[in-house]
């Protein structure tokens with residue numbers, strides 16, 4: 027009691043003084059910048075010893091690939107096995123051919139998820155052919171499926187372990203946190219270093235991206251099984267394995283199917299990005315189109331990706347719903363009749379697959395049945411660009427000259443020690459001394475990598491994109507929390523935005539603004555805003571109805587209610603929204619390197635395409651991770667609360 | 187020891203939760219529980235309990251939440267591992283059992299009914315009842331036949347093919363009961379089985395348990411926080427507070443001679459005439475004193491049941507034991523007891 031009041035007292039007294047300290051920090055940093063600007067900077071140096079060291083590392087690995095036992099193991103065994111998995115699935119799907127795959131998937135969808143979803147799946151696969159992207163779509167599908175298999179093989183056992191052992195759960199959570207804030211761009215290069223380019227690297231990169239989700243949701247499902255039920259099974263003498271087999275897994279079935287669903291969505295998003303390390307499929311089509319700034323052709327491939335995302339999402343989500351219905355109410359009485367129909371449909375599907383396979387029709391989708399969006403979209407894009415030239419260019423110039431350039435100039439011309447000191451100070455005030463040390467060290471490491479100037483360019487874009495995203499996200503989230511009707515109208519857009527692979531976001535931005543840094547900022551906004559809006563809305567809606575009622579009954583205006591009750595009470599969610607928003611924005615700003623974003627993202631892309639740039643690209647990947655760690659730590663006050671929020675949701 | 191009639195023997199049982207559990211080599215006999223918690227941060231959930239439960243007895247453990255009663259019942263089959271003490275079932279040392287033997291014990295000898303049922307939502311009622319038999323590997327036909335019998339016994343044959351969440355709470359607990367009965371255990375443990383049920387349903391279920399005990403005579407350990415339930419079901423009652431035993435005795439002993447203010451406070455509102463027997467209010471017959479011709483009752487008659495006769499007769503009631511009159515009960519003593527004035531004669535309460 028005494029301790030609690032003392033702490034509360036300190037917090038109450040501490041708040042204004044912290045605000046004062048923040049003002050002092052800002053003022054001091056500004057003053058120091060005016061005095062010391064232009065000194066102690068680190069201009070970009072193409073000949074950084076780090077780059078050449080990394081290039082030499084690659085040369086050494088290339089030279090010893092055939093002899094070093096560790097490398098031989100990695101290449102021959104791991105790479106070989108995964109290559110085999112991917113090519114088997116891919117070859118099979120290509121050999122069956124489009125009629126068999128389409129009908130077979132439709133039949134499977136009917137059996138797993140019912141008639142409505144079977145129709146969606148049929149339509150989706152037909153669309154791949156109509157768009158003239160059958161072959162690419164199958165490549166992407168095969169790589170996605172192989173990556174999902176890989177993710178589940180590793181993720182399910184680890185997730186089950188984390189569900190059953192508190193100690194393992196506590197040990198693995200921080201690892202998953204780090205894996206999830208790592209921008210996808212960053213770990214492609216190291217994988218290529220060991221596994222070379224090709225399907226194996228792509229599948230491994232995808233699995234690394236998706237596995238944290240698999241593990242988290244699996245563990246959540248296992249942990250969601252009520253303690254009493256487990257205890258009842260133990261009291262009847264069940265062995266630990268019997269408890270797992272007969273109680274935990276069946277009772278977590280719905281959540282486990284959901285884990286497959288989420289793993290698949292994550293995998294698809296990443297598979298598209300692995301086109302950067304020469305994985306075949308729709309991602310490759312998009313990258314080619316992006317590099318030629320052919321908006322129409324990128325749109326065509328982007329549309330196919332969106333359709334695939336919808337097909338895979340509905341299929342697995344439908345299967346999860348069915349699992350839940352069966353768990354809840356049991357099988358219906360006409361189960362036997364339905365089973366006969368399902369068997370019939372599956373038989374028809376199988377026959378279609380066999381006929382299609384034997385006919386050798388393959389990927390040969392009839393030319394007459396194709397439709398291309400390339401020209402209309404390019405025309406539309408040109409029309410928009412010319413008609414709204416003043417508007418789009420005005421907006422772009424306003425942000426570029428009014429915000430990006432000045433901030434970039436400040437960051438680049440500031441002494442390194444000033445930037446590091448200011449960031450550490452911010453982390454200290456916003457989070458903790460430990461966060462300050464980590465954030466400061468991360469920046470110092472960026473400087474040592476020889477990428478300071480590029481990192482500052484990326485940081486400038488990230489900060490501006492984050493400010494826009496958080497501001498707009500906050501407004502839209504508040505609007506959604508206060509109006510059910512608006513929330514219902516907005517929800518489908520958020521759902522769609524969150525199931526779409528990251529590359530797709532670049533398209534509308536590119537169509538409107540061409541390849542510039544501003545394009546990356548717009549893409550980052552589209553990418554990160556849905557999460558921010560959701561978290562803000564959830565936080566505001568999570569304020570207990572009783573408290574809102576009490577405030578209303580004492581006569582608060584809606585405005586007072588918002589500022590004095592709802593916003594303060596949802597502080598944890600708002601901080602989490604800021605943290606998530608910034609991390610997501612960084613990931614997308616970096617991808618913007620593909621469309622003229624510059625900075626570290628461009629270094630990474632260049633590293634994949636030019637051998638001489640490899641060292642710089644690898645270093646840039648590491649620098650991106652370090653930037654991510656720095657931004658996460660500075661906003662860590664939310665990170666600490668994330669656990670509380672998880673705990674509250676879990677209870 | 188093996189020949190003793192006690193189905194369950196507990197001696198000096200302790201359970202400590204927290205990091206201190208591993209560090210201790212002997213129970214902290216001299217340290218009060220509150221001081222122990224303040225010093226170590228660990229909690230004494232069960233403190234130095236000793237008792238014997240006879241074969242066929244209904245043994246009730248009563249206490250408020252946090253008194254350690256649920257921990258105690260879980261210690262009996264080591265669902266929770268005890269920290270110190272002896273634990274014997276039909277003479278066999280439970281604490282010395284290895285995993286395999288312990289599982290055998292849980293599969294065949296002791297079964298448990300839980301407050302929140304612990305049913306499997308993805309299985310039909312009959313498969314839930316057969317779950318214990320499935321776990322120990324009985325063939326499917328045999329276990330379903332046995333499960334049907336059990337459903338019949340608890341009156342649920344008509345919902346055998348339903349799923350648990352289609353049943354009311356009371357029916358779900360009958361399924362839990364049938365599941366525990368299906369393995370034909372010698373001992374049944376009940377952990378507040380009826381606390382989550384409506385009062386009327388609770389009364390039905392209590393009657394059900396009494397009936398099953400009457401018909402089958404299994405040893406039962408019953409955990410509750412409800413005094414009325416404890417008095418109704420228990421042959422003997424162990425009252426717990428902060429992990430320790432406060433009193434162990436028959437319902438009449440608990441109500442008639444509370445061991446301390448805590449128990450007295452607990453039983454204050456219990457109508458004593460409903461619990462105490464004539465033995466508690468009778469005046470022993472002095473040698474040579476004439477017994478008179480008042481109505482005759484056994485010494486074990488509950489006072490309430492003798493009230494109509496006492497009201498109708500001017501002569502004191504004659505109390506028999508072993509075919510001999512051992513005492514007399516004047517109407518005034520009964521009225522005094524009902525009015526709450528004057529303590530009844532002290533009954534011998536087992537010291538704990």
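Residue numbers (my numbering), protein chains in the order written: chain A, 27 to 677; chain B, 187 to 538. C-beta: ideal position from N, C-alpha, C; glycine also. Every value quoted in this text rests on a predicted model; they were computed, and no experiment measured them.
- Residue environment for residue 74 (chain A): buried (at least 16 other C-beta atoms within 10 angstroms of its C-beta).
- Under the Cβ distance rule, residue 219 (chain B) does not count among the residues neighbouring chain A, no pair being separated by less than 9 Å.
- With respect to residue 466 (chain A), residue 438 (chain A) sits apart: the two C-beta atoms are not nearer than 9 Å.
- The alpha-carbon of residue 319 (chain A) is positioned some 8 Å away from that of residue 540 (chain A).
- Straight-line measurement puts the Cα of residue 396 (chain A) at about 60 Å from the Cα of residue 257 (chain A).
- Residue 297 (chain A) is a Cβ neighbour of residue 166 (chain A), given a cutoff of 9 Å.
- Take residue 523 (chain A), set aside five residues on each side of it, and the residues of its chain with a beta-carbon closer than 6 Å to its own are 556, in chain order.
- Under the DSSP definition of a beta bridge, residue 238 (chain B) partners with B:195.
- Residues of chain B with a Cβ closer than 8 Å to the Cβ of residue 273 (chain A) are, in chain order, 306.
- For a Cβ distance threshold of 7 Å, nothing in chain A lies close to residue 245 (chain B): the least Cβ distance comes to about 18 Å.
- Distance from the CA atom of residue 441 (chain B) to the CA atom of residue 284 (chain B), rounded to whole angstroms, is 42 Å.
- Of the other Cβ atoms in all chains shown, 16 or more fall within 10 Å of the Cβ of residue 160 (chain A); this residue is therefore buried.
- Counting only runs of 3+ residues, the beta strand (DSSP E) found wholly inside the segment 270–345 of chain B occupies 270–275 and 296–299, in chain order.
- By the CB criterion at 9 Å, residue 322 (chain A) and residue 404 (chain A) fall inside the cutoff.
- Nearest to residue 211 (chain B) by alpha-carbon distance, out of B:412, B:219, B:201 and B:218, is B:201.
- Listed along chain A are 262 and 263, each with a C-beta nearer than 7 Å to that of residue 293 (chain B).
- Listed along the chain, the chain A residues whose CB falls inside 8 Å of the CB of residue 203 (chain B) amount to none; the nearest CB is some 14 Å away.
- Inside the segment 499–543 of chain A, DSSP marks whole alpha helix (DSSP H) runs of 4 or more residues at positions 510–525 and 528–539, from first to last along the chain.
- Look at residue 193 (chain A): its C-beta is not under 9 Å from any C-beta on chain B.
- With fewer than 16 other CB atoms across the displayed protein chains lying within 10 angstroms of its CB, residue 267 (chain A) is exposed.
- Residue 199 (chain B) places its beta carbon less than 9 Å from that of residue 258 (chain B).
- A check of alpha carbon separations from residue 57 (chain A) across A:128, A:582 and A:441 identifies A:441 as the nearest.
- For residue 296 (chain A), no CB of chain B lies under 9 Å from its own CB, so it is not counted at the interface with that chain.
- By the neighbour-count definition (other C-beta atoms within 10 Å, threshold 16), residue 255 (chain B) is a buried residue.
- Here residue 226 (chain A) is near residue 106 (chain A), since their CB atoms are less than 9 Å apart.
- Here the segment 458–475 of chain A lies against the segment 62–82 of chain A, with 3 or more beta-carbon pairs under 8 Å apart.
- For the options A:521, A:480, A:131 and A:224, the alpha carbon positioned closest to that of residue 434 (chain A) is the one of A:480.
- Exposure of residue 572 (chain A) is indicated by the presence of fewer than 16 other C-beta atoms within 10 angstroms of its C-beta.
- Taking 9 Å as the cut-off, the Cβ atoms of residue 385 (chain A) and residue 127 (chain A) do not count as close.
- Inter-residue distance for residue 481 (chain B) and residue 524 (chain B) is about 20 Å (C-alpha atoms, whole angstroms).
- Annotation for residue 227 (chain B): 204, 205 and 206 place their beta carbon closer than 8 Å to its own, counting only its chain and skipping 5 residues before and after.
- Boundaries of the alpha helix (DSSP H) around residue 142 (chain A): 141–156.
- The three-state secondary structure of residue 470 (chain B), taken from DSSP, is strand.
- If the five residues before and after residue 339 (chain A) are omitted, its C-beta is found closer than 8 Å to the C-beta atoms of 287, 290, 291 and 525, all from its own chain and listed in chain order.
- Membership of residue 173 (chain A) in any beta strand (DSSP E) is not indicated; the residue belongs instead to the alpha helix (DSSP H) covering 160–190.
- Short of 8 Å from the beta carbon of residue 314 (chain B), and not among the five residues preceding or following it, lie these beta carbons of its own chain, in chain order: 305, 306, 350, 361 and 365.
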